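As they're listed, the protein sequences go chains A and B. Reading the first sequence from the start, the letters are residues 1 to 279 in UniProt numbering. Reading the second sequence from the start, the letters are residues 1 to 471 in UniProt numbering. Even for Gly, the Cβ is constructed at its ideal location relative to N, Cα and C. Source: prediction; values computed, not measured. Reviewing the structure listed below.
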Amino acid sequence: MRIRIRHEITQRFEPGTRNMAVTVRLTPRAHEGQFILRWALDLNSDCRLHPQEDAFGNLCHTFSVDGPADQLTVCAEGEIETQDTTGIVRGTVERFPPSLFLRQTDLTEVDPAVAALADAIEAPKDDPLAQLHALMVKVHESVEEQEGPTLGDPLSAAEAVKAGTACAGSIAHVFTAAARHLGLPARHISGYVAPETGEEGEGEARHWAEAHVPKIGWVSFDAGRNICGTENYVRLAVGLDAVGVQALRSTGLDVEERISALDGRAPQKLAQAQSQGQN
Amino acid sequence: MPHAFDEMSSTDGGVRPAYETLQRWLAEVPQDVLDHRRKEAEFIFRRIGITFAVYGEQNAQERLIPFDIVPRILTKDEWSRLSRGLEQRVKALNMYIKDVYSKREILKAGVVPENLVYQNPAFRPEMNGQRVPHDLYVHIAGIDIVRTDPDKFYVLEDNARTPSGVSYMLENREIMLRLFPELFSMHRVAPVENYADDLLATLRSLSPHGGHEPNVVILTPGIHNSAYYEHSFLADKLGVDLVEGRDLFVKDAVVYMRTTEGPKRVDVIYRRLDDDFLDPLAFRRDSVLGVPGLMSAYQAGNVTLTNAVGTGVADDKAVYSYMPDIIKFYLGEEPLLPNVPTWRCREADHLKYVLEHLPELVVKEVHGSGGYGMLVGPASDKAQIEKFRDKLKADPANFIAQPTLALSTCPTLVEKGIAPRHVDLRPFILSGSDKVRIVPGGLTRVAMKEGSLVVNSSQGGGTKDTWVLDA
Numbered sequence: 001m002r003i004r005i006r007h008e009i010t011q012r013f014e015p016g017t018r019n020m021a022v023t024v025r026l027t028p029r030a031h032e033g034q035f036i037l038r039w040a041l042d043l044n045s046d047c048r049l050h051p052q053e054d055a056f057g058n059l060c061h062t063f064s065v066d067g068p069a070d071q072l073t074v075c076a077e078g079e080i081e082t083q084d085t086t087g088i089v090r091g092t093v094e095r096f097p098p099s100l101f102l103r104q105t106d107l108t109e110v111d112p113a114v115a116a117l118a119d120a121i122e123a124p125k126d127d128p129l130a131q132l133h134a135l136m137v138k139v140h141e142s143v144e145e146q147e148g149p150t151l152g153d154p155l156s157a158a159e160a161v162k163a164g165t166a167c168a169g170s171i172a173h174v175f176t177a178a179a180r181h182l183g184l185p186a187r188h189i190s191g192y193v194a195p196e197t198g199e200e201g202e203g204e205a206r207h208w209a210e211a212h213v214p215k216i217g218w219v220s221f222d223a224g225r226n227i228c229g230t231e232n233y234v235r236l237a238v239g240l241d242a243v244g245v246q247a248l249r250s251t252g253l254d255v256e257e258r259i260s261a262l263d264g265r266a267p268q269k270l271a272q273a274q275s276q277g278q279n
Numbered sequence: 001m002p003h004a005f006d007e008m009s010s011t012d013g014g015v016r017p018a019y020e021t022l023q024r025w026l027a028e029v030p031q032d033v034l035d036h037r038r039k040e041a042e043f044i045f046r047r048i049g050i051t052f053a054v055y056g057e058q059n060a061q062e063r064l065i066p067f068d069i070v071p072r073i074l075t076k077d078e079w080s081r082l083s084r085g086l087e088q089r090v091k092a093l094n095m096y097i098k099d100v101y102s103k104r105e106i107l108k109a110g111v112v113p114e115n116l117v118y119q120n121p122a123f124r125p126e127m128n129g130q131r132v133p134h135d136l137y138v139h140i141a142g143i144d145i146v147r148t149d150p151d152k153f154y155v156l157e158d159n160a161r162t163p164s165g166v167s168y169m170l171e172n173r174e175i176m177l178r179l180f181p182e183l184f185s186m187h188r189v190a191p192v193e194n195y196a197d198d199l200l201a202t203l204r205s206l207s208p209h210g211g212h213e214p215n216v217v218i219l220t221p222g223i224h225n226s227a228y229y230e231h232s233f234l235a236d237k238l239g240v241d242l243v244e245g246r247d248l249f250v251k252d253a254v255v256y257m258r259t260t261e262g263p264k265r266v267d268v269i270y271r272r273l274d275d276d277f278l279d280p281l282a283f284r285r286d287s288v289l290g291v292p293g294l295m296s297a298y299q300a301g302n303v304t305l306t307n308a309v310g311t312g313v314a315d316d317k318a319v320y321s322y323m324p325d326i327i328k329f330y331l332g333e334e335p336l337l338p339n340v341p342t343w344r345c346r347e348a349d350h351l352k353y354v355l356e357h358l359p360e361l362v363v364k365e366v367h368g369s370g371g372y373g374m375l376v377g378p379a380s381d382k383a384q385i386e387k388f389r390d391k392l393k394a395d396p397a398n399f400i401a402q403p404t405l406a407l408s409t410c411p412t413l414v415e416k417g418i419a420p421r422h423v424d425l426r427p428f429i430l431s432g433s434d435k436v437r438i439v440p441g442g443l444t445r446v447a448m449k450e451g452s453l454v455v456n457s458s459q460g461g462g463t464k465d466t467w468v469l470d471a
């Protein structure tokens, strides 16, 4: 599938802000089943982008807005060719062994409710893939994905379980926290999902999870939708939780995002971009 | 509990050579003169405002650490043995941290278990693959030493994050020189006053791009930090700027300081701020104490942070128990300073032993400091021990246990006169790109309460001037 992506983020600052440092994680990398045909970052402000690779191998850019400014707009745009790999993610840049991803963070802390959820799955302990599939179903049944923006300030795993409904990123927290609790390395992924061919919608920016299965490798699990990644999924960044893959980090006020991820083979229509609030 | 080794008096009633002069002098000086000098010392401490805030106390702001006027004396030989061991230890700490954030050979070799690194809250994934200037991570280390007999010095704890206390070492000496000039004329005491010069030379040597006059600043969390006095004291002694996060900014991956004459580039930041708070774009998003973008400047190699980010991965008490193996692995040498035997409660057989022997052990939190959250078995009653047992069972990996050591004692002025009190020692080891510098001695902490083994200032411990005899 050829997916055309446009992701625009507007970050508002205190009026008259000077020297605002910003980090963005908005550049996807290629791996098996994901080829970058073209990709570009554009800013509405005149500043020098410093490309860096973060500890997890994500491509990021840091820059400073000189100001005085009261907002900044970053736009990432490109086309990605994807192939279905039945959710198996290979050929990625890996900077850590899988065992690092047993590490819990504040957002993936396991409270008794998360532990109970994980322990309740019925799958043979010697079959991690079956365990993870059972876990995905369990998480999907326990926490309903809320309507509306798929991003937003994510809840911790414990908060999401308590709330019963949460955004996709928070549901990914539940999945990763529970998988780690079961001793299975799991991580948080940011990316884009295009609608199925013939399906309505503009596509979305989305978070899901990946878990590591011995002999197979990393496998993607989107517990919000109860599926493993398909050719509609474009993988952007990897981290321990939603904060680690946040598309834009600064100390500004609020953020507005407009995203479209569409089947590039379909005839272009005027994008009525999805608008998402964050912070 | 076994009889403690006294550093002045031998068991046969004699006096050890290093203390002969001091002992004679103490015997001649009337008690009221000593009392008077002690009050004078306290008066000076109050006047210069050297105080210490104790967390969790109501009137925490203005507490004075008790200062004991009787110096603690080490011979030149003892010190040279100690300093060789300290240098070895810090070298190994630096190599370990470098390895953990790059090739991870020690994990591959199975010397240190992976989860002790990857699941360690002080491990910073952000530092993975990150080269730091001169490959040095721990530039300022405080290694806590205890002694149990004439020949045995043990390392009790490594402090590789932001060890404090050096200002007391310097102030203690200054006050002793003022109050007891006659004692200094009777002894050849190695100076400590050059610490500030040594520290500045060390910090300058760490500049990422050389140059003659790198701009060094001290970054403090602010006046509410318990060690703020030390931050301002050191800035003053070094003649460098004391800054808070808001005084710095990052532009194009370079750190600048706001000054009245415009932005000034910063090369070396001696930060007394924990990793978590350094940069809201990389660590805690809610930190207002740090500098947004600091990590990007650090990653670009444009600024040196001392100590480096993520050094805590080497100094918690669980890693401590592997230090002898770590030294052997990197240096191929036996540790010159042994560890106190340590049970790791994360391991089932160790835990079993600890639970069976709680009344005789000291149990500590892996990430604890300041003497908080620990159990001193022999000094605790049944209820305290049982309460601790529950805590231990609930989260064994969070604890280590050690035998209750008979820490050495030193003569100390108490209400009834001169009496032995337990002490430890924190020397400060400075690792620059050119060499390692250690001023002779360090900070001696003393448990002022009779029989007490907890020397932490937050638990009512005091300090002493530490003398290393030059001859």
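Going by DSSP, name the residue or residues bridged to residue 345 of chain B.
Residue mapping note: residue 345 of chain B aligns to position 345 of the second sequence, counting from 1. None, per the DSSP bridge assignment.
Output yes if chain B places a C-beta closer than 7 Å to the C-beta of residue 48 of chain A; else output no.
On the first sequence, residue 48 of chain A is found 48 positions in, with the first residue counted as 1. Output row for residue 48 of chain A: interface = yes.
Just curious, the alpha helix (DSSP H) that residue 190 of chain A is in, first and last residue?
Translated into positions along the first sequence, residue 190 of chain A becomes position 190. Taken as a continuous stretch (DSSP letters only), residue 190 of chain A belongs to no alpha helix (DSSP H), being part of the beta strand (DSSP E) at 186-193.
With a cut-off of 7 Å, does the C-beta of residue 60 of chain B fall near any C-beta of chain A?
Taking the second sequence and counting its residues from 1, one reaches residue 60 of chain B at position 60. Only weak support exists for where residue 60 of chain B lies, its pLDDT of 47 falling under 50; the value from the coordinates is given anyway. No, residue 60 of chain B lies away from the interface with chain A (no Cβ there is under 7 Å from its Cβ).
With a threshold of 7 Å between beta carbons, is residue 182 of chain A in contact with chain B?
Taking the first sequence and counting its residues from 1, one reaches residue 182 of chain A at position 182. Chain B, which has no Cβ nearer than 7 Å to the Cβ of residue 182 of chain A, makes this no.
Answer with yes or no whether the minimum CB distance from residue 73 of chain A to chain B is below 7 Å.
As a position in the first sequence, residue 73 of chain A is number 73, starting the count at 1. No, residue 73 of chain A does not count as interfacial toward chain B.
Please classify residue 43 of chain B as buried or exposed, where buried requires at least 16 neighbouring CB atoms within 10 angstroms.
Your numbering for residue 43 of chain B matches position 43 in the second sequence. Counting Cβ neighbours within 10 Å, residue 43 of chain B comes out exposed, since fewer than 16 surround it.
With respect to the alpha helix (DSSP H) encompassing residue 80 of chain B, which residues constitute its N-terminal and C-terminal limits?
Here the question's residue 80 of chain B lines up with position 80 in the second sequence. Its alpha helix (DSSP H) spans residues 76-100.
Are there three or more Cβ pairs, one per stretch, closer than 8 Å when the stretch 40-51 of chain A is compared with the stretch 68-81 of chain A?
At 8 Å Cβ cutoff, the stretches touch.
Going along the chain, which residues of its own chain have a beta-carbon closer than 8 Å to the beta-carbon of residue 29 of chain B, five neighbours each way excluded?
Position 29 of the second sequence, counting from 1, holds the residue named residue 29 of chain B. Closer than 8 Å at the Cβ level, and outside the excluded window around residue 29 of chain B, lies no residue.
Got a sec? Which residues, its chain only, sit under 8 Å from residue 404 of chain B by beta carbon, not counting five neighbours each side?
Taking the first residue of the second sequence as position 1, residue 404 of chain B is located at position 404. Cβ neighbours of residue 404 of chain B beyond the five flanking positions: 1, 360, 361, 362, 376, 377, 378, 453.
Looking at chain B, which residues of the stretch 87-111 of chain A have a Cβ within less than 7 Å of any of its Cβ atoms?
95, 96, 99, 100, 102, 103
In chain order, which continuous runs of the alpha helix (DSSP H) of length 4 or greater are located wholly inside the UniProt domain "Transglutaminase-like" (160-225) of chain A?
168-181
Over the uninterrupted beta strand (DSSP E) stretch that includes residue 53 of chain A, give me the two end residues.
Along the first sequence, read from residue 1 onward, the residue named residue 53 of chain A stands at position 53. Unbroken beta strand (DSSP E) run through residue 53 of chain A: 50-53.
Does the Cβ of residue 83 of chain A have 16 or more other Cβ atoms within 10 Å, making it buried, or fewer, making it exposed?
Taking the first residue of the first sequence as 1, we reach residue 83 of chain A at position 83. When all chains shown are included, residue 83 of chain A counts as exposed.
At 4 residues or longer, and completely inside the stretch 271-339 of chain B: list those alpha helix (DSSP H) runs for me, N to C.
294-299, 317-320, 323-331
Whose Cβ in chain A lies nearer than 7 Å to the Cβ of residue 280 of chain B?
Position 280 of the second sequence, counted from the first residue, corresponds to residue 280 of chain B. Within chain A, the residues near residue 280 of chain B are 251.
Opposing strand residues paired with residue 87 of chain A [DSSP bridges]:
In the first sequence, residue 87 of chain A corresponds to position 87, counting from 1. Per DSSP, none; premise fails for residue 87 of chain A.
At which residues does the beta strand (DSSP E) containing residue 121 of chain A begin and terminate?
Here residue 121 of chain A is taken as the residue at index 121 of the first sequence, counted from 1. Residue 121 of chain A -> no beta strand (DSSP E), and no H or E assigned at all.
Nearest residue (CA-CA) to residue 80 of chain A, options A:16, A:30, A:203:
Within the first sequence, numbered from 1, the residue matching residue 80 of chain A stands at position 80. Residue 80 of chain A has its Cα closest to that of A:30, out of A:16, A:30, A:203.
Residue 162 of chain B classed as buried or exposed, judged by whether at least 16 other C-beta atoms fall within 10 angstroms
Here residue 162 of chain B corresponds to residue number 162 of the second sequence, with the count starting at 1. The residue is buried, with at least 16 neighbouring Cβ atoms inside 10 Å.
Length of the line joining the Cα atoms of residue 3 of chain A and residue 246 of chain A:
If you number the first sequence from 1, residue 3 of chain A lands on position 3. If you number the first sequence from 1, residue 246 of chain A lands on position 246. Going from the Cα of residue 3 of chain A to the Cα of residue 246 of chain A covers about 21 Å.
Buried or exposed, going by whether 16 or more other CB atoms sit within 10 Å of the CB of residue 462 of chain B?
The sequence position of residue 462 of chain B within the second sequence is 462, counting from 1. Burial call: buried.
Residue 216 of chain A versus residue 158 of chain A: straight-line alpha-carbon distance, rounded
For the purposes of this step, residue 216 of chain A is identified with residue 216 of the first sequence, where counting begins at 1. For the purposes of this step, residue 158 of chain A is identified with residue 158 of the first sequence, where counting begins at 1. Approximately 29 Å, taken between the alpha carbons.
Are the beta-carbon atoms belonging to residue 420 of chain B and residue 6 of chain B less than 7 Å from one another?
Locating residue 420 of chain B in the second sequence gives position 420, counting from the first residue. Locating residue 6 of chain B in the second sequence gives position 6, counting from the first residue. Yes. Within cutoff.
Kindly provide the ranges of any beta strand (DSSP E) runs that are 3 or more residues long and lie completely inside the stretch 114-182 of chain B, ordered along the chain.
140-147, 153-159
So what does DSSP say about residue 243 of chain A, is it helix, strand or coil?
Taking the first sequence and counting its residues from 1, one reaches residue 243 of chain A at position 243. In this structure, residue 243 of chain A counts as helix in the three-state DSSP scheme.
List the residues of chain A whose Cβ lies closer than 7 Å to the Cβ of residue 251 of chain B, in chain order.
For the purposes of this step, residue 251 of chain B is taken as residue 251 along the second sequence, with counting starting at 1. Chain A residues near residue 251 of chain B: 19, 64.
With a threshold of 6 Å on Cβ separation, who are the neighbours of residue 287 of chain B within its own chain once the five nearest residues in sequence on each side are excluded?
Reading the second sequence from its first residue, position 287 is the one you call residue 287 of chain B. Cβ within range, chain order: 277, 280.
Considering only C-alpha positions, which residue in the set B:8, B:174, B:153, B:200 is nearest to residue 435 of chain B?
Within the second sequence, the letter at position 435 stands for residue 435 of chain B. For the options B:8, B:174, B:153, B:200, the alpha carbon positioned closest to that of residue 435 of chain B is the one of B:200.
In whole angstroms, what separates the C-alpha of residue 92 of chain B from that of residue 326 of chain B?
On the second sequence, residue 92 of chain B is found 92 positions in, with the first residue counted as 1. On the second sequence, residue 326 of chain B is found 326 positions in, with the first residue counted as 1. Their backbone Cα atoms lie some 7 Å apart in a straight line.
Determine, for residue 128 of chain B, whether the minimum Cβ-Cβ distance to residues of chain A falls below 7 Å.
The residue given as residue 128 of chain B occupies position 128 in the second sequence. At least one CB of chain A lies nearer than 7 Å to the CB of residue 128 of chain B.
Whose C-beta lies closer than 7 Å to the C-beta of residue 111 of chain A among residues of the same chain, with five residues either side of it excluded?
Sequence index remark: in the first sequence, residue 111 of chain A carries index 111 (1-based). For residue 111 of chain A, where only same-chain residues beyond five positions count, the Cβ hits under 7 Å are 158.
Residues near residue 109 of chain A by beta carbon distance below 8 Å, same chain, minus five either side
The count along the first sequence starts at 1 and reaches residue 109 of chain A at position 109. So the qualifying residues of the chain are 156, 157, 158, 177.
So, is residue 220 of chain A buried or exposed, given that buried needs 16 or more other C-beta atoms within 10 angstroms?
Residue 220 of chain A sits at position 220 when you count from the first residue of the first sequence. By the 10 Å Cβ count, residue 220 of chain A comes out buried.
Do you know offhand how far residue 153 of chain B's Cα is from residue 172 of chain B's?
Counted from its first residue, the second sequence places residue 153 of chain B at position 153. Counted from its first residue, the second sequence places residue 172 of chain B at position 172. Rounded to whole angstroms, residue 153 of chain B to residue 172 of chain B spans 23 Å at the Cα level.
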